[in-house]
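Protein sequences, first through last, are from chains A and B. Take the UniProt record's numbering: the last position of the first sequence gets the number 145, and nothing is skipped along the way. Take the UniProt record's numbering: the last position of the second sequence gets the number 278, and nothing is skipped along the way. The beta carbon of each residue, even a glycine, is placed where N, CA and C say it ideally should be. Keep in mind it's a predicted model, so treat the numbers as computed, not measured. All remarks here apply to the structure that follows.
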Amino acid sequence: MDNMLIEHMMNPRNYGVLEDSNSEGIGKNPHNGEKVIVFLKVKDDIIEDISFQAIGCMTTVLAGSLITTEAKESSLDRAEELVSATLGMLDRIPPEEAACSEMVALALQASIDTYKERQKDKNFPMITYKIAQTCVPQNDGVVNE
Amino acid sequence: MNKILIAIHEIWLETLMAAFMSKEQASKQKLFDFSDIFFRHFTWVENGLIKQNINYDYNRNTIPIKVDNLQIIIGDIIRRLNTLELSLVDCEDKALSQRIETDIKYMKFTLSQIDDEKVSSFDMGRVLDGIPLSEEATDALTLFLFEESYKEYELIMIYNYLKAHSSEQNLIRIFQILIDESFYHLKQFGQMMSDMGILGVPRIIAKELYQVENITQFLENGINEELNAKEECKKLSDAVASENATLSKFFDFINYQENYHIELMKEALSQYKKETNV
Numbered sequence: 001m002d003n004m005l006i007e008h009m010m011n012p013r014n015y016g017v018l019e020d021s022n023s024e025g026i027g028k029n030p031h032n033g034e035k036v037i038v039f040l041k042v043k044d045d046i047i048e049d050i051s052f053q054a055i056g057c058m059t060t061v062l063a064g065s066l067i068t069t070e071a072k073e074s075s076l077d078r079a080e081e082l083v084s085a086t087l088g089m090l091d092r093i094p095p096e097e098a099a100c101s102e103m104v105a106l107a108l109q110a111s112i113d114t115y116k117e118r119q120k121d122k123n124f125p126m127i128t129y130k131i132a133q134t135c136v137p138q139n140d141g142v143v144n145e
Numbered sequence: 001m002n003k004i005l006i007a008i009h010e011i012w013l014e015t016l017m018a019a020f021m022s023k024e025q026a027s028k029q030k031l032f033d034f035s036d037i038f039f040r041h042f043t044w045v046e047n048g049l050i051k052q053n054i055n056y057d058y059n060r061n062t063i064p065i066k067v068d069n070l071q072i073i074i075g076d077i078i079r080r081l082n083t084l085e086l087s088l089v090d091c092e093d094k095a096l097s098q099r100i101e102t103d104i105k106y107m108k109f110t111l112s113q114i115d116d117e118k119v120s121s122f123d124m125g126r127v128l129d130g131i132p133l134s135e136e137a138t139d140a141l142t143l144f145l146f147e148e149s150y151k152e153y154e155l156i157m158i159y160n161y162l163k164a165h166s167s168e169q170n171l172i173r174i175f176q177i178l179i180d181e182s183f184y185h186l187k188q189f190g191q192m193m194s195d196m197g198i199l200g201v202p203r204i205i206a207k208e209l210y211q212v213e214n215i216t217q218f219l220e221n222g223i224n225e226e227l228n229a230k231e232e233c234k235k236l237s238d239a240v241a242s243e244n245a246t247l248s249k250f251f252d253f254i255n256y257q258e259n260y261h262i263e264l265m266k267e268a269l270s271q272y273k274k275e276t277n278v
């Protein structure tokens with residue numbers, strides 16, 4: 001475990017509710033009720049501010065801290081690339097870590113999609129995406145929902 | 001009064017963190033005692049909010065604690081206490097604000113007398129009691145401490161909320177014991193984190209965790225979580241057993257303590273089920 005990761009665990013970045021957000025999205029693990037909410041404050045398609053809150057384990061918080069740090073002050077396009085890159089590497093990491101990272105990435109995607117929908121309908125409700133990975137052992141070996 | 005609740009919540013946690021940082025026993029004890037008093041202030045203010053039927057939550061700001069010297073964090077606690085004193089002017093319960101103010105005056109005086117110390121709680125040395133563990137055991141212990149210190153804080157807040165909204169004496173007794181137990185665990189884990197140079201404030205708790213809609217479901221899940229926690233303690237005890245017997249015994253002790261929690265939660269569950277005829 002390197003010091004950079006420990007530093008993020010000691011002091012998770014961008015954690016908590018963003019009071020002046022204009023979009024929110026949830027990534028949810030349907031197997032165990034864990035979830036992540038990502039708050040965005042977007043202006044001119046740039047993420048001016050971002051925060052997240054998790055009901056989950058430390059690995060989820062770590063993933064949230066790393067991903068939101070990367071997404072902060074980036075364009076929505078860049079943030080979507082970050083989501084794709086995260087989802088693309090899930091099969092190369094242990095299942096429990098994959099589930100946590102997927103949950104954060106999907107929460108970010110949900111928040112971006114909510115923002116886009118709210119450009120058409122300002123009362124559009126917050127979007128929730130469910131993860132396909134699971135960190136809960138499955139008896140039948142099925143991991144996708 | 002909501003602002004006062006948030007301010008006291010933050011002061012309580014910052015003072016607790018300062019206690020972990022101090023290596024001088026007399027200073028450490030004062031800081032632990034004061035943090036306990038701040039927590040009680042928190043419950044007084046919370047009770048006031050409930051009586052006045054004011055909506056509130058346990059949201060707060062993140063608390064920066066990374067310092068090189070104890071004086072810096074103590075200075076920040078005193079600064080927060082000064083701000084709190086000003087906010088108390090707006091508190092509707094004048095008798096309560098007066099009681100808190102007299103505490104604050106003494107605490108500020110006492111805090112200002114505490115000697116400075118170098119702080120090593122953030123050096124990431126990750127060695128406990130001078131006994132190096134293998135990399136695997138150190139990583140397992142690190143992750144365990146981050147997970148469980150947050151979990152204990154979460155449990156304190158959940159049980160405190162349930163207690164604050166209970167009127168049945170036996171349930172209040174059960175929740176108070178569970179709060180006390182979680183405080184003991186939080187203090188043990190927090191001290192270990194500070195000694196290992198990885199101290200961090202537990203993260204903010206999500207509202208839906210303590211504003212429990214289905215208490216029987218919460219207690220049933222809680223009993224399962226305690227059983228899992230026993231397993232985690234056992235795994236950790238086994239992982240460090242060959243390298244540090246004292247640490248192994250400590251985690252066995254924590255493991256056996258979970259039996260009390262399970263028993264108390266079963267008792268609370270049975271009472272809730274009886275009350276709701278489930």
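For residue j and residue i, believed in contact at Cβ under 8 angstroms, the rounded distance
i: Leu145(B); j: Phe189(B); result: 5 angstroms
i: Ile198(B); j: Met124(B); result: 6 angstroms
i: Asn160(B); j: Ile179(B); result: 6 angstroms
i: Ile37(A); j: Ala98(A); result: With a Cβ gap of about 20 angstroms, Ile37(A) and Ala98(A) do not count as contacting.
i: Met58(A); j: Met9(A); result: 6 angstroms
i: Leu133(B); j: Asn244(B); result: 6 angstroms
i: Trp44(B); j: Leu96(B); result: 6 angstroms
i: Ile174(B); j: Glu267(B); result: 6 angstroms
i: Ile63(B); j: Glu10(B); result: 6 angstroms
i: Gly75(B); j: Asn11(A); result: Actually they do not touch by this definition, with Cβ atoms about 20 angstroms apart.
i: Thr110(B); j: Arg126(B); result: The Cβ separation is near 33 angstroms, so there is no contact.
i: Ala7(B); j: Arg99(B); result: Rounded, the Cβ-Cβ distance is 16 angstroms, inconsistent with contact.
Own chain, CB closer than 6 angstroms to residue i, minus 5 neighbours either side, in chain order
i: Ser51(A); result: Asn14, Gly16, Leu18, Phe39
i: Ile215(B); result: Tyr272
i: Lys66(B); result: Phe122
i: Ile46(A); result: Ser75
i: Ala63(A); result: Cys100, Ser101, Val104
i: Val142(A); result: Bear in mind that the predicted position of Val142(A) carries a pLDDT of just 36, short of 50, making it unreliable; the figure below should be weighed with that in mind. Excluding positions up to five away in sequence, the list is empty.
i: Leu247(B); result: Val240
i: Asp195(B); result: Leu128
Cutoff 7 angstroms; reference residue i; Cβ partners in own chain excluding five residues on either side
i: Lys3(B); result: Ser87
i: Ser23(A); result: Leu40, Val42, Ser111, Thr114, Tyr115, Arg118
i: Asp93(B); result: Gly48
i: Phe39(B); result: Trp12
i: Leu66(A); result: His8
Cβ-based neighbour list, residue i, same chain, cut-off 8 angstroms, excluding 5 preceding and 5 following
i: Ser262(B); result: In the sequence as presented, Ser is not what sits at residue 262(B); that position holds Ile. Only Ile223, Glu226, Leu227 meet the Cβ criterion.
i: Asp103(B); result: Ile37, His41
i: Ile93(A); result: Ser101
i: Leu269(B); result: Thr216, Leu219, Glu220, Ile223
i: Glu101(B); result: Glu85, Leu88
i: His185(B); result: Glu148, Glu152, Ile254, Gln257
i: Ser166(B); result: Ile172, Phe175
i: Val83(A); result: Ala105, Leu106, Leu108, Gln109, Ile112
i: Thr15(B); result: Leu31, Phe34, Ser35, Phe38, Ile77
The stretch 103-127 of chain B: positions lying closer than 9 angstroms to chain A by Cβ: Phe122, Met124, Arg126
Any 3 or more C-beta pairs closer than 8 angstroms across the stretch 20-35 of chain B and the stretch 121-129 of chain A: no
Interface residues of the stretch 70-83 of chain B facing chain A [CB-CB below 7 angstroms]: none
Meets three-Cβ-pair contact criterion under 8 angstroms: the stretch 42-62 of chain B and the stretch 203-210 of chain B: yes
Meets three-Cβ-pair contact criterion under 8 angstroms: the stretch 102-109 of chain A and the stretch 48-66 of chain A: yes
Cβ pair count under 8 angstroms reaching 3, the stretch 253-268 of chain B against the stretch 213-233 of chain B: yes
Contact set between the stretch 124-157 of chain B and chain A, restricted to residues whose Cβ is under 9 angstroms from the partner: Met124, Arg126, Glu135, Thr138, Asp139, Thr142, Leu143, Phe146, Glu147, Tyr150
Cβ contact (3+ pairs, closer than 8 angstroms) linking the stretch 107-118 of chain A and the stretch 72-89 of chain A: yes
Contact between the stretch 65-78 of chain B and the stretch 101-121 of chain B (3+ Cβ pairs under 8 angstroms): yes
Residues, ordered as in the chain, of the stretch 202-223 of chain B that lie near chain A by beta-carbon distance below 8 angstroms: Arg203, Ile204, Ala206, Glu208, Leu209
Segments assigned alpha helix (DSSP H), at least 4 residues, entirely inside the stretch 28-106 of chain A: 58-71, 76-88
Residues from the stretch 6-38 of chain A in contact with chain B, defined by Cβ distance under 7 angstroms: Ile6, Met9, Met10, Asn11, Pro12, Tyr15, Gly16, Val17
Members of the stretch 35-65 of chain A near chain B, C-beta cut-off 7 angstroms: Gln53, Ile55, Cys57, Met58, Val61
Proximal residues, the stretch 229-258 of chain B versus chain A, C-beta separation under 9 angstroms: none
Members of the stretch 39-66 of chain B near chain A, C-beta cut-off 9 angstroms: Asn59, Arg60, Asn61, Thr62, Pro64, Ile65, Lys66
Ranges of the beta strand (DSSP E) found wholly within the stretch 9-34 of chain B, counting only runs of at least 3: none
Interface residues of the stretch 167-198 of chain B facing chain A [CB-CB below 7 angstroms]: Ile198
Ranges of the alpha helix (DSSP H) found wholly within the stretch 174-260 of chain B, counting only runs of at least 4: 207-210, 215-241
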